[in-house]
Ligand code: MCN
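Residue numbers (the UniProt record's numbering): 1 to 796.
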């Protein structure tokens, strides 16, 4: 990858290898499951095999008699002591929200729900004894099909609630004053333009991190300590304190190195609740580590929507309106941002375009399946898929090139800042530049020519070209915006920068990396700001004792929010050091300049390095009068706006028209994420993100049978791609700096996932459109593609 930096400095834009990788890839780190404490007991969960059932009895006697079993506890044993899982930011005041007990005593609402916990001296003994717990169930009718669940008379996921409909959230540009009337625009286009109507399904996906959930609780010290493979140590501490009444100061949550999250560890999970409660009850350290099957079954799932879409346009291809009606499957409970995921998407369906009218409605629905929540991209991949598929459909209807139709409708680079029909203000972007670069890298014209040749000669293997020009809103989030959505938390981030006596720097961030390489990129930012060596900066995170304040890592926020907090803290350190430099150099503060780690007296060669000042401040032998002997500072930064990366992704797919088999031929993408801190890390983030998005298009799907059992409950059936399944991608970037943070950066952690899915599906459809195919449902398996070509049911 060749990086074009707008703002070259010593460290910013440097391909630094990740500091953290040495310990990660040589096995020298300690994951949560590696932790052993004296006298530690082990937990195994007993889970419901039924999607919906009353628990009529639980006989734990055989399990209790098993070797080295200490106790077996059910929901009834815990009673109130277990509390309830923190759920749901209610997206509407009248949202219907079921009570979510970590271990229900009377009724289970999805297959995999926990009904008992076995505590034993070893993990193997706990798991063996869990098999002996005899639970009697009375099966109830289950709500399993999203669209059927909203029909009258459908089985109810929670009979006491009287409905499966949780909340209806609506945005209308006319009512909001951000645009005109979409119904009028569609009606006009029906007589005098083009109307495209489609229904797309976003299948259910499962976050498949390398390290399944693991949690250790030690209640024996002054504080209650929890180690957890989580993305959210700070939010978890808050949730534990808020629901159990233990003061935050008595709770320490540590997220050590965490083997991936992808949104799936953004949850205060029942397993954490139960382990916490068992540890406190027994007064002993306890550990629970889930198996891969448990992880697939019960860690929250993602996506699962039906999208009904209507796009209207003038005959010349100018879009006049977009109407979106969603059904979103929450699963059995409303997870921490379960309802919020589709709402986040609501602001993104208009993407990079200047639509004059827009209406969005989303009905969230309770079913008897695993609960859903954020999965890499959370709302934005669904929205991007919908609009980018529709733009391709519009181009096809008009017989025009899909890039040309997009360009006709997108916001031109000179029009920024631009307020969209969804009410967001995009600060910067240059869709023309990213598209031109991607087009060239991809060889767009050559591939179109090849496609034409293959069509004309009736080749068995046809070529399709898929386009996805995406933007997204990341950098969650301006606290005021969250407040306006009645969300219960803010979106700031905290950082501290401390110069140590030796001139080295200790940095603390409230962001909590779980694979993103913050230790490296954040070291680069501080090294750049203070002018110290990269190697001299140490970044600490993921422990509420060390980083007392923070809001953790999700929504591609860590750099744009946490990085900006770091910049501000580092700049304050420089300001603090300035009077000391003036004192040491016997000059006026006004004459002191700071550059590349050195304070100097303007117009002279006299100077002192920031490291020397750190030592002088530490010894405090000779400081300016009234100077506090410390060279550290904190900053808490609340972003003023979201952050809007964008890019153009182009994909070429070969489709065997006889077998339906699909093969990726080429993938080129140009992302614009403003200033790039570390191109190597960014490239890794994009590659990983691409594979996740491509996997949704081609392979991954959580499949339930008619009784609500997850049949894709292992990696044999849940098709997670390996490196061998993908090709080498052509990845590059353009750089249009963000205007809302001082580094000019935009987030990248989810970009590849958001952009790639529609590029691939558009390419598959494009390959066989001339055979009468208008859609292929994801994942585009050979069977579905074959059925689509042959007009059989079950393809689209
Ligand atoms: N970066 C950079 N220059 C930029 C933008 C980002 O150098 N202009 C660097 C950052 O410094 C950081 C990394 O790229 O090291 C990602 O930054 P950012 O976009 O701020 O995203 P976050 O760190 O907040 O990570 C969250 C994001 C999300 S939401 C998911 S889901 C996700 C992802 O990151 N899950 C991941 N990437 C993942 N990567 C791994 N390995 N594992 C996961 O579970």
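Don't be surprised by glycine CBs; every beta carbon is placed ideally from N, CA and C.
Rounded Cβ spacing between residue i and residue j (contact assumed at less than 8 Å)
i	j	result
residue 751	residue 673	7 Å
residue 648	residue 396	Contact doesn't hold; Cβ gap of about 19 Å is too wide.
residue 168	residue 307	With a Cβ gap of about 16 Å, residue 168 and residue 307 do not count as contacting.
residue 374	residue 499	Not confirmed; about 37 Å, so no contact.
residue 358	residue 409	In fact, because the Cβ distance is near 13 Å, the residues do not count as touching under 8 Å.
residue 317	residue 217	Contact flag wrong, Cβ pair sits at about 59 Å.
residue 143	residue 366	7 Å
residue 675	residue 768	Their Cβ separation, rounded to whole angstroms, is 41 Å, which puts residue 675 and residue 768 out of contact at 8 Å.
residue 552	residue 235	6 Å
residue 237	residue 545	Not quite, the Cβ-Cβ distance comes to about 10 Å (not below 8 Å), so this is no contact.
residue 712	residue 701	7 Å
residue 121	residue 41	6 Å
7 Å Cβ cutoff met for residue i and residue j
i	j	result
residue 509	residue 562	yes
residue 644	residue 493	no
residue 27	residue 178	no
residue 255	residue 230	yes
residue 710	residue 297	yes
residue 347	residue 324	no
residue 327	residue 161	no
residue 521	residue 681	yes
residue 470	residue 652	no
residue 740	residue 427	yes
residue 785	residue 693	no
residue 727	residue 778	no
residue 380	residue 303	no
residue 382	residue 202	yes
residue 89	residue 488	yes
residue 214	residue 33	yes
residue 572	residue 633	yes
residue 187	residue 468	no
residue 578	residue 567	no
residue 330	residue 372	yes
residue 39	residue 369	no
Sequence-distant residues of the same chain with beta carbon closer than 8 Å to residue i, five excluded per side
i	result
residue 4	Any reading at residue 4 must be qualified, since the residue scores a pLDDT of 33, below 50, and its modelled position is unreliable; the value itself is stated next. Closer than 8 Å at Cβ, skipping near neighbours: 733, 734 and 735.
residue 730	441, 442, 666, 667, 668 and 669
residue 72	60, 63, 64, 116, 117, 118, 119, 129 and 133
residue 92	167, 168 and 169
residue 96	161, 163, 165, 166, 167 and 366
Other residues of its chain near residue i: CB distance less than 6 Å, five sequence neighbours each side excluded
i	result
residue 315	193
residue 639	475, 478 and 561
residue 486	none
residue 791	none
residue 797	For residue 797 there is no data in the structure shown, the boundaries of the chain being 1 and 796.
residue 279	217, 219 and 286
residue 102	82, 85, 270, 273 and 274
residue 376	262, 263, 692, 750 and 753
residue 135	58 and 115
Cutoff 7 Å; reference residue i; Cβ partners in own chain excluding five residues on either side
i	result
residue 533	527
residue 597	530, 531, 532, 609 and 610
residue 581	592, 599, 608 and 613
residue 559	521, 677, 745 and 747
residue 2	For residue 2, the predicted model reports a pLDDT of 32, less than 50, meaning its position is unreliable and no value from the coordinates is stated.
residue 196	311, 390, 393, 394 and 397
residue 313	189, 193, 194, 319, 320 and 394
residue 482	489, 490 and 491
Host beta strand (DSSP E) of residue i (start-end)
i	result
residue 47	41-47
residue 733	730-734
residue 499	493-499
residue 594	592-595
residue 312	302-314
N- and C-terminal bounds of the alpha helix (DSSP H) containing residue i
i	result
residue 583	564-585
residue 764	751-768
residue 636	Premise fails: residue 636 lies in the beta strand (DSSP E), 632-637, not in any alpha helix (DSSP H).
residue 64	61-65
Any chain D beta carbon closer than 7 Å to residue i
i	result
residue 414	Absent from the structure is chain D; it holds one protein chain and no more.
Inter-stretch contact (C-beta, 8 Å, three-pair minimum) for the segment 623-637 and the segment 512-526
With the cut-off at 8 Å, the segment 623-637 and the segment 512-526 do not touch.
For the segment 226-243 against the segment 203-216, do three or more pairs of beta-carbon atoms, one drawn from each stretch, fall closer than 8 Å, so that the two count as touching?
Verdict: yes, contact present.
If contact is defined by three or more beta carbon pairs under 8 Å, each pair taking one atom from either stretch, is the segment 108-128 in contact with the segment 170-186?
In short, these stretches do not touch, since the Cβ pair count stays below three.
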